[in-house]
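Position one of the sequence shown corresponds to residue 0 (numbering that gives the first Met the number 0), numbered consecutively onward.
Note that the Cβ used here is the ideal one computed from N, Cα and C, for glycine as well.
A short worksheet on the structure shown next.
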Amino acid sequence: MFFAWHRRDEMTEAGFRRSMITQRDSFLKWSENCLIRPRQAILLRGSR
Numbered sequence: 000m001f002f003a004w005h006r007r008d009e010m011t012e013a014g015f016r017r018s019m020i021t022q023r024d025s026f027l028k029w030s031e032n033c034l035i036r037p038r039q040a041i042l043l044r045g046s047r
């Protein structure tokens, strides 16, 4: 990713947009796994 980030000035506009969308999707997937699920686990433990 580091290399790709520094090549962004060589990308077409469509390629740059695709790259940003891919990074956004990766972040959303990560945040769902790391942030939402532990919160749900806490809420479920509290309802016992």
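Secondary structure of residue i, DSSP reduced to three states
i: R6; result: coil
i: R47; result: Caution is warranted here: a pLDDT of 47 is assigned to R47, below 50, making its placement in the model unreliable, and no coordinate value can be reported.
i: T21; result: helix
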